[in-house]
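Residue numbering for the sequence shown follows our numbering, beginning at 21 and increasing consecutively. Okay, so here's the structure we're looking at.
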Amino acid sequence: MIRIHESPDESQSECSTYNEPQSKVDKNDVYDRYHFDLERNKSLPIHDYKDEIVASIKKNPVTILEGDIGCGKTTQVPQYIIDDAYSRREYCKIVCTQPRKIAAISLANRICVERKWPRGTLVAYQIGLNSNVSEDTRLLYCTTGVLLQQLVHEKSLKRYTHIILDEVHERDQETDFLLFVIRRLLTTNSKHVKIVLMSATINATEKFRPNYNDCHISEEMYKIAFRLIAVFNNIEKRLAELNKTTLSPNKASILIFLPGIYEIIRMNEVIRQYNDICRIKLHIIRLHSLVSPNEQLNVFHRSPPGYRKVILSTNIAESSVTVPDVKYVIDFCLTKLLRTNSGTNFTSLQLQWASRVNCRQRAGRAGRVMNGRVYRLVERSFYEEMDEFGIPEMVRCPLENVTLKAKILEMGPPSDILRLTMTPPNLEDICNTILTLKELGALYKTVDGSYSVQDGDITYIGRVMANFPLNIHLTRLIILGYVFGVLDDAIIMAAGLSVRSVFILENISQRNNIDAYIEKMIWANGSGSDLFAILRAYKTWTHIREQSGLKDETMEKYWAERFFVNLRSIKEMHLLVQTIYDHLEHCNLNQETSAHSLRWMEHERSIVLKIIIAGAFYPNYFTRTNLNDFVREHGIYQVLCGNDPCNTVYFTNFDNRYIGQLYTRSFKELFKSAHIYPEDIEVRFQPGSQRVFITFNNEANFGSEDIVERLMVPGRVRPEIFKAIRMRMSRMTFNLNVMTQNEAMNYAVKHGYGSIENGVWQPSKQSVATNGSYVLPTILQKNLTGLITHIENCSKFFFLPKGEFECLREIDRVLNKPKERNLHSFDNIEKIYNGMIVSAPLNGRYYRAKVLRKSYNEGNERQFKLFFIDNGCMADIHFNSLREIPEKYKLMPPRVFECRLAMIQPSTVKSSTWQWSKSAKQLMENCTKKNDKVHIEVYSVVYDYMPSLQASAEIDVDHPPPTELCNKVIKLHGPYSPLETTICSVTNAGCLKSVRIEGNSVNAVLIDTDPQDVHERLIVAADIAENVSNNVIIARDTTLMPNIHGFAALVTMIFCPTMQIQRNTTHTKYVNILAGLGHDEYTFKPLYDEHDLILNLDAEFDTEDIQLINHLRYSMDAILYTEPGDQHPNRPNGDNVFESVNVFGDRSIFPMHSVLRLEHDKPKLIHDLLLHCEELHNLRQLDSVRNISTTCRLCNQHLNSASELRMHLLSQLHCDREEEIHFKPARR
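The following block contains the structure:
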């Protein structure tokens, strides 16, 4: 060991003898092609130890070098070695590892500049995918993971002559395992390689104490940090005055160490807040892992003249990276460490006190080129009690990848290998990791045919996972993509999840900006998947580049900023995609391109991709929180007072005594930041309630060229609902300036908007907007006859009741009189305004129409977008064709009302975006053409204007109150939607915890898109974390699975290791499944209880379905099966897959499920149920207000009224049960 300090007298050398290897001459003429200047920087403390270091490295197989921070060990020691090799003309190949990417790049470039060598020649870097290595490279700076992957694959150190491990004190998982691998290989087949371990502090005792709890940053500490900045500035000013000198324009920098991004943002806010008073010229730079490498390099640039650079950094600047002009360091002495619960596989970032070693590393960032100071914001006595060393990653981070690498080494069970590392992990953590790998198919359950908890033979999947630079779940995604014929898309998704976010996420401090969320929803294109958004963004970017749409860097940058794409990440992702293809070639995983290979249709591909996502991230499954279907549906419409929940949200905390109708325009303006425009909004108030209802019109501006208008979302809920809820989740404040109650009433009465009757405000009847209300059936009208006037799709068509025929004929006669057509044209286009009712031509006759907006035709002539209120269609009509309409017919409500088919939705198999196909619309049009009159049964009325609501409808306020009169501020709560829902975990580990979807996900706004459908909806998360308190699960990178009944159970049975299926008491149907790793054959205890999951079967499965699932599992096994000793599977061809390979037995990754036989329903039971259903359908004819008390035996649901019964009989769950017993209700 060599210790380097400021004084040479303090150095120590402990050298063990070892036979020096024979010199090997460098046959390449690399030394002749480059200039070698052997003079090194003598001002660095390490220079005095140069000869001793070189001699020790030559003499010993392992040299430990401990040097103070800034002594020059990282840059100089590799140069000493290469200079010594040059002087003796010996071959030399050095690799120097760095814990961080930015350090590897900056060090390689710095040495090239110092030695005047071209970059990427003698000195190069490699950080995962990015490398500038050439055949002349003799010194390589790389990350720890790059070297570890090389050594595990080659099982030898002979590629290099010298291996230098820098910053070994950090004790990350890869460094610890790399030390073990090097130690084993050094004593076996690589004895002549020289190893150098370097650090500012090396822990020789390996003793640790527990961390202190209750660590946090108070607001006062942020203020103290800013005061220190002000003090530094004042001291330098005072010194300049005393010395009678002028301040240098290049002021010394300040480096502030904070534990994470949230604390950095808060510190930034505090500095800006208080600096408005102090007026100090500060140039603030943020440095953390989410910042791109290009932005990280800004810390090395000088600040603008006269400004002081303040760097807010996490521990990324703690070591290796040296910012030359830092004079002051402010250290909060905190850090965030990733901890993993091996039992649940949940990870969490926990705030903890940093070790004293870390604090000394941070202090070393100051005073590199000038005298420096460090200020630790803790008491000295507390600092002296802090742990000397941090907790190594090996005992707190996931062990899957390191365990698989241990299996590849073939040196014994993973528990024995990992026990030899510097800080061995707990045996329980190793065993849980083994169980996780068995669950994912990376390890077999047995070792040489015998079951072992602590070991298992590695499968082909496991070998691929060990060789891929990816998370094991992402590698499984790629493998399943290969199996199911969607390899290319699976690679893109996996690469996108491996890099920093492909999308630019909104800054936490920018609460009024939801554009990033909207753009990501657009990229998802109605799929409800973060992975689909990544896939679409990457394909779009590559397509535009191939078509030369992004001709230069400026255009590409503009495109990325416009669509919120992280250009740096998507380029890094592109490199990773290419690397993955290279790894697949090595693993013999190439997508079949023959004529017999799979060819999915586009709508089929979307389903298949979601299937493999569910398989890759098993068991990260979540389902929608279930409620009784009637209770849930009744609650939804009760909250909204009959408004349609699919296009209505509401605010609370508004007192109607302020006369809300005066502020309808202000309510509409609240949504402008979400690109929801006032003309698309209606505002309604409920007397006696503090709720304000915001309805987004069905005639919204879908023709706009603005990209935000092309937002697609799952189901039939309008996109504006998602935007509105996102506004609330973004912590936007909704403040409304109003007048006092007395002033509001006086103002409204003065302008004729209403009157005071018995002390209660009553809107003027003339101001009630009746033209937006529909003639709807009453709650007692169950059957109607009439015409379907217009069909948009199966979820939107317009119905004209038979009783309105005569009224419509009267309107038609008046509007189509020749006199009316000629006399009532508009002489001025300005007289026409949005919302106005006019007469307009359609198919040769005039009808009533509502003006939606102005537009232009191809000849740039002014026209208007109209909605024909008695027909339901929209059209663009020229200004000259519009006519005024008699006042009587302006106020008459529309004679048609909008309908949709109840309990019918687009097939997810046919449409991945939940949109109706053209063929479905054509089928419905054909059915209505055959019968002039259509008979319909009313399921429910969801957009009814009750009498109380009619009086509170939106008032057309021509003169809203002036701003200066509105002195009172009301803070609104919301907007809310009764369709907002929650999810729960299906595993035992998470079923009792709350679940929150990460705010950056497209599913962060979780809406029940089909409120009438009570079947299970599955959401799959690519990653799961916990909060600090371990009581909330955070689901990341989520995907909403197709709304196919039974889909959750189906994918579980396809991809789970094993499962048990349970029948009902009569053994006539399957009711639920228990999936997991199985149980111990002797004790019958679960092998991995935390990951076991139970799912109820809400769709009918029979033995044939289970057999089909077994066939699919058999096929997957056949494709991935390897014989003992084989490196690659011998894949069968064609239809012989079921006969040619025996995948049953201990080496089966997807063993067959056992099938329990089902018994036929007894005839008497079926007969009783049929009679019961007939009785229920008879009861539905009773008066809705009459109380009844009955229980549906099919669904085991109690019902209290005829209206409840009516809704229940039309629920999807009950209809499925009726279909199972083949019940057909009589037509009435």
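For each residue, glycine too, the CB sits at the ideal point set by N, CA and C. Note that this is a predicted model, so its numbers are computed, not measured.
Option in the options with minimal Cα separation from residue i
{"i": "R520", "options": "L455, M485 and K591", "result": "K591"}
{"i": "M406", "options": "C353, L438 and D52", "result": "C353"}
{"i": "L911", "options": "E1124, I831 and L1026", "result": "I831"}
{"i": "E1179", "options": "H55, Y1134, G1098 and T1086", "result": "T1086"}
{"i": "A764", "options": "T164, V703 and Y683", "result": "Y683"}
{"i": "Y480", "options": "A1138, Y327 and E702", "result": "A1138"}
{"i": "L397", "options": "H493, I437, R247 and N421", "result": "R247"}
{"i": "F917", "options": "F846, P98, V961 and P707", "result": "V961"}
{"i": "T466", "options": "A869, F687, N836 and D1166", "result": "D1166"}
{"i": "R179", "options": "D192, N209, E190 and E194", "result": "N209"}
Helix, strand or coil at residue i [DSSP, three-state]
{"i": "K885", "result": "strand"}
{"i": "L1230", "result": "coil"}
{"i": "W579", "result": "helix"}
{"i": "G1098", "result": "coil"}
{"i": "H1242", "result": "coil"}
{"i": "Q1127", "result": "helix"}
{"i": "E725", "result": "In this prediction, E725 has a pLDDT of 37, which is less than 50 and means its spatial position is unreliable; nothing more can be read from the coordinates."}
{"i": "T560", "result": "helix"}
{"i": "S154", "result": "coil"}
{"i": "A11", "result": "Only positions 21 to 1248 of the chain appear in the structure, and residue 11 is not among them; the question remains open."}
{"i": "C1235", "result": "helix"}
{"i": "A510", "result": "helix"}
{"i": "Q970", "result": "Confidence in Q970 is poor, its pLDDT being 34 and thus under 50, which makes the residue's placement too unreliable to answer from."}
{"i": "H308", "result": "coil"}
{"i": "K1192", "result": "Looking at the sequence itself, residue 1192 is His, so the reference to Lys does not match. Correct three-state label for H1192: helix."}
Same chain only: Cβ atoms within 8 Å of residue i, ignoring 5 sequence neighbours per side
{"i": "N270", "result": "R322, S323, P325 and D345"}
{"i": "D1155", "result": "Confidence at D1155 is low in this model, with a pLDDT of 43, below 50, so its placement is unreliable and the value that follows should be read with caution. Correct list: empty, nothing qualifies."}
{"i": "K1044", "result": "Checking the sequence shown, residue 1044 turns out to be Ile, not Lys. For I1044, where only same-chain residues beyond five positions count, the Cβ hits under 8 Å are N365, F366, T367, N640, G1010, I1053, I1054, A1055 and R1056."}
{"i": "I745", "result": "V669, P995, Y996, S997, E1000, V1025 and I1027"}
{"i": "H844", "result": "S859, R903, E904 and I905"}
{"i": "H1173", "result": "M1073, T1078, M1079, I1081, I1126, I1129, N1130 and R1133"}
{"i": "L1233", "result": "D649, V1034, H1035, D1118 and C1215"}
Residue i, buried or exposed, once every other Cβ within 10 Å from all chains shown has been counted against 16
{"i": "G384", "result": "buried"}
{"i": "E907", "result": "exposed"}
{"i": "P1171", "result": "buried"}
{"i": "I1093", "result": "buried"}
{"i": "M923", "result": "exposed"}
{"i": "G1098", "result": "buried"}
{"i": "I255", "result": "exposed"}
{"i": "Y578", "result": "exposed"}
{"i": "P926", "result": "buried"}
{"i": "Y1102", "result": "exposed"}
{"i": "M575", "result": "exposed"}
{"i": "C947", "result": "exposed"}
Beta-carbon proximity list for residue i, same chain, < 7 Å, skipping 5 on both sides
{"i": "M944", "result": "I811 and C814"}
{"i": "L660", "result": "T668, Y670, F713 and P998"}
{"i": "L690", "result": "F754"}
Residues of its chain near residue i, where Cβ-Cβ distance is below 6 Å and the 5 sequence neighbours each way are ignored
{"i": "F197", "result": "V422"}
{"i": "N1084", "result": "V1091"}
{"i": "R1037", "result": "R644"}
{"i": "K329", "result": "S273, H303 and S323"}
{"i": "P665", "result": "I656, P998 and L999"}
Integer-rounded CB distance, given that residue j should sit under 8 Å from residue i
{"i": "A124", "j": "C162", "result": "6 Å"}
{"i": "V698", "j": "N676", "result": "Checking the displayed sequence, the identity of residue 698 turns out to be Pro instead of Val. No, P698 and N676 are not in contact; Cβ-Cβ is about 21 Å, not under 8 Å."}
{"i": "L457", "j": "G482", "result": "7 Å"}
{"i": "C112", "j": "T181", "result": "5 Å"}
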